[in-house]
Amino acid sequence: MAEEKTYHIDRTGKRLTATETDFDVEIQKAVIVALDSSSRIDDVNNSLDELELLIDTAGAEVIHREIQNRESPDPATFIGSGKAQEIANFVAANDCDLVVFDSELSPAQQRNLENIMKVDVVDRVAVILDIFAQHATTGEGMVQVELAQLKYLMPRLKGRGSTLSQQGGGIGTRGPGETQLEVDRRKIVRKMRKLETDLKKLEIVRSTQRKRRNQKPEKRVAIVGYTNAGKSSLLNVLAKSDAHVEDRLFATLAPTTRKVYLGDNENFLPVVVLFSDTVGFVRNLPHQLVQAFKSTLEEAKDADLLLHLVDASSPDLQGNIDAVQEVLGEIHACSISQILVFNKIDLLNDEELEALHEFAHDLKKSTSSSIFFVSAAKNLGIDELRSYFMQNISLS
Numbered sequence: 000m001a002e003e004k005t006y007h008i009d010r011t012g013k014r015l016t017a018t019e020t021d022f023d024v025e026i027q028k029a030v031i032v033a034l035d036s037s038s039r040i041d042d043v044n045n046s047l048d049e050l051e052l053l054i055d056t057a058g059a060e061v062i063h064r065e066i067q068n069r070e071s072p073d074p075a076t077f078i079g080s081g082k083a084q085e086i087a088n089f090v091a092a093n094d095c096d097l098v099v100f101d102s103e104l105s106p107a108q109q110r111n112l113e114n115i116m117k118v119d120v121v122d123r124v125a126v127i128l129d130i131f132a133q134h135a136t137t138g139e140g141m142v143q144v145e146l147a148q149l150k151y152l153m154p155r156l157k158g159r160g161s162t163l164s165q166q167g168g169g170i171g172t173r174g175p176g177e178t179q180l181e182v183d184r185r186k187i188v189r190k191m192r193k194l195e196t197d198l199k200k201l202e203i204v205r206s207t208q209r210k211r212r213n214q215k216p217e218k219r220v221a222i223v224g225y226t227n228a229g230k231s232s233l234l235n236v237l238a239k240s241d242a243h244v245e246d247r248l249f250a251t252l253a254p255t256t257r258k259v260y261l262g263d264n265e266n267f268l269p270v271v272v273l274f275s276d277t278v279g280f281v282r283n284l285p286h287q288l289v290q291a292f293k294s295t296l297e298e299a300k301d302a303d304l305l306l307h308l309v310d311a312s313s314p315d316l317q318g319n320i321d322a323v324q325e326v327l328g329e330i331h332a333c334s335i336s337q338i339l340v341f342n343k344i345d346l347l348n349d350e351e352l353e354a355l356h357e358f359a360h361d362l363k364k365s366t367s368s369s370i371f372f373v374s375a376a377k378n379l380g381i382d383e384l385r386s387y388f389m390q391n392i393s394l395s
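Position 377 of the sequence shown, counting from 1, maps to 376 under numbering that gives the first Met the number 0, and the rest follow consecutively.
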């Protein structure tokens, strides 16, 4: 007999979730699936490792992973009907609740896979949206996430058929559920318009706040980086503050700004810098989220300097760096001066630390950025970082 599942009290009330899958089940068993079309199995496994962390953050447990070798995705089932049936058999035999694909699925592929597997099928985008929904605590964050969720859901309404039906029958091609489908579609469109209006009002408020800060002499440094790189931890060390820190992906979404006194310069003038912690980036960050969080991400766009924080213990340093640069490009922030700071060096042994320095040396050849090695948790290298700001952040 399958183990009885217990549910938490709904954390979001009646708010729509991105996946329409209950990630609140205490122990929800998931299978993760990836497509390998390049024969670069290390890249695929690294991506699946990250997906597993995302699913853990969302509240489920990965019990199995599948990698399908295909030159290109199957238009109907992404992985091919044979592999889909193989996974369906595993799901049924192991009482799994969920199948998560590492790549974004089309609405048709998602429906076809659910028909075969008889459980919820979601993709990486849906998982990230669900995590953002869990962690959004500010009014602006909730509006941003809900708008992104609705944009994701909109094309997936089609074909839900009688599950949405309140009125049966129809004329011509209008089948069961079509009337209710159109009602639902109109409701979502109206809701999206309202959220967009609310977001514009919030953007005006945030823009006004930025203009006020621009009138002050303090320079602004935005801490950007891959999710879970330790941005909040570094901010806490620099500012002696207590911003929320958790060893999970996307632990914080709302930007945090702290005024940091670095000391006096040679003219005995106080050097004060505004440091802002921004939302973490991730590979294939859903476009809906980039657009929805545009006003939040513009904290980085309006900075005088970007502190690009990198998790030194990550197995894919270059991939993480490239993912951050891609998002910075989307918000037109690549032209801002950057420094690279490798965090969590306390987690590396001597051999790994030597390899990190070699990687940084090679990276230095292609970038003019200054590079630092720190551990926010152990307070290592922080004095060197402070000295850099003292010497390079002017008040002019």
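Glycine residues also receive a C-beta, built at the ideal position from the N, C-alpha and C atoms.
### Task
Find out if the Cβ-Cβ distance for the pair Leu34, Ser105 is shorter than 8 Å.
no
### Task
For Arg385, I'd like the list of residues in its chain whose CB is within less than 7 Å of its CB, leaving aside the five on either flank, ordered along the chain.
Leu261
### C-beta atoms of Leu233 and Leu355 nearer than 8 Å
no
### Message
Using the Cβ count rule (16 or more neighbours within 10 Å means buried), how would you classify Gly224?
### Response
buried
### Query
Under a Cβ-count criterion, where at least 16 other Cβ atoms within 10 Å of its own Cβ denotes burial, should Ile40 be classed as buried or exposed?
exposed
#### Entry: Exposure of Ile170, with buried meaning 16 or more beta-carbon neighbours within 10 Å
Because Ile170 sits at a pLDDT of 43, beneath the cut-off of 50, its placement in the model cannot be relied upon, and the following sentence gives the value as read from the coordinates. Result: exposed.
### Contacting residues, own chain, Cβ-Cβ under 7 Å from Pro72 (five flanking each side not counted)
Leu34
#### Entry: Cβ-based neighbour list, Val326, same chain, cut-off 7 Å, excluding 5 preceding and 5 following
Phe280, Leu284, Val289
#### Entry: C-alpha distance - Ala228 paired with Ile62, whole-angstrom precision
26 Å
### Query
So, do the region 332–343 and the region 361–371 have three or more beta carbon pairs nearer to each other than 8 Å?
yes
### Query
Relative to the C-alpha of Val126, which residue among Ala75, Ile31, Ile187, Val142 is closest?
Ile31
### Query
What is the rounded straight-line gap between the Cα of Ile26 and the Cα of Ala59?
6 Å
### Task
Apply the 10 Å Cβ neighbour rule to Arg219 and answer buried if 16 or more other Cβ atoms are within range, or exposed otherwise.
buried
### Message
What does the Cβ neighbour count give for Thr226, buried or exposed, with the cut at 16 atoms within 10 Å?
### Response
buried
### Query
In its own chain, which residues sit with a C-beta less than 8 Å from the C-beta of Glu70, not counting the 5 before and 5 after it?
Ser36
### Task
May I ask which residues mark the beginning and end of the beta strand (DSSP E) holding Arg385?
Premise fails: Arg385 lies in the alpha helix (DSSP H), 381–391, not in any beta strand (DSSP E).
### Message
Considering only their Cβ atoms, is the gap separating Lys28 from Asp94 smaller than 8 Å?
### Response
yes
### Message
In this structure, how does DSSP classify Tyr6 when only helix, strand and coil are distinguished?
### Response
Low local confidence applies: a pLDDT of 31 at Tyr6 is under 50, so the model's placement there is unreliable, with the coordinate-based value given in what follows. Reduced to three states, the DSSP call for Tyr6 is strand.
### Arg110 - containing beta strand (DSSP E), residue span
Careful: Arg110 lies outside any beta strand (DSSP E), inside the alpha helix (DSSP H) at 106–116.
### Query
Bridge partners of His63, per DSSP?
Val30
### Query
Does the region 189–200 touch the region 147–156, meaning 3 or more C-beta pairs lie closer than 8 Å?
yes
### Task
Return the first residue and the last residue of the beta strand (DSSP E) that Asn342 is part of.
337–342
### Query
What are the boundary residues of the alpha helix (DSSP H) that Lys82 is part of?
80–92
### Message
Taking the alpha helix (DSSP H) that Gly318 belongs to, which residues open and close that run?
### Response
316–329
### Query
Which first and last residues belong to the alpha helix (DSSP H) in which Leu128 is found?
123–134
### Message
Per the DSSP calculation, Lys218 is bridged to which residue(s)?
### Response
Val272
### Message
Is the beta carbon of Gln84 closer than 8 Å to that of Ile115?
### Response
yes
#### Entry: Span separating the alpha-carbon of Phe388 from that of Ser275
15 Å
### Query
By DSSP, does Lys186 sit in helix, in strand, or in coil?
helix
### Query
How about Phe358 and Leu296: do their beta carbons lie closer than 8 Å?
no
### Query
Rounded to a whole number of angstroms, what is the C-alpha to C-alpha distance between Ala375 and Lys199?
36 Å
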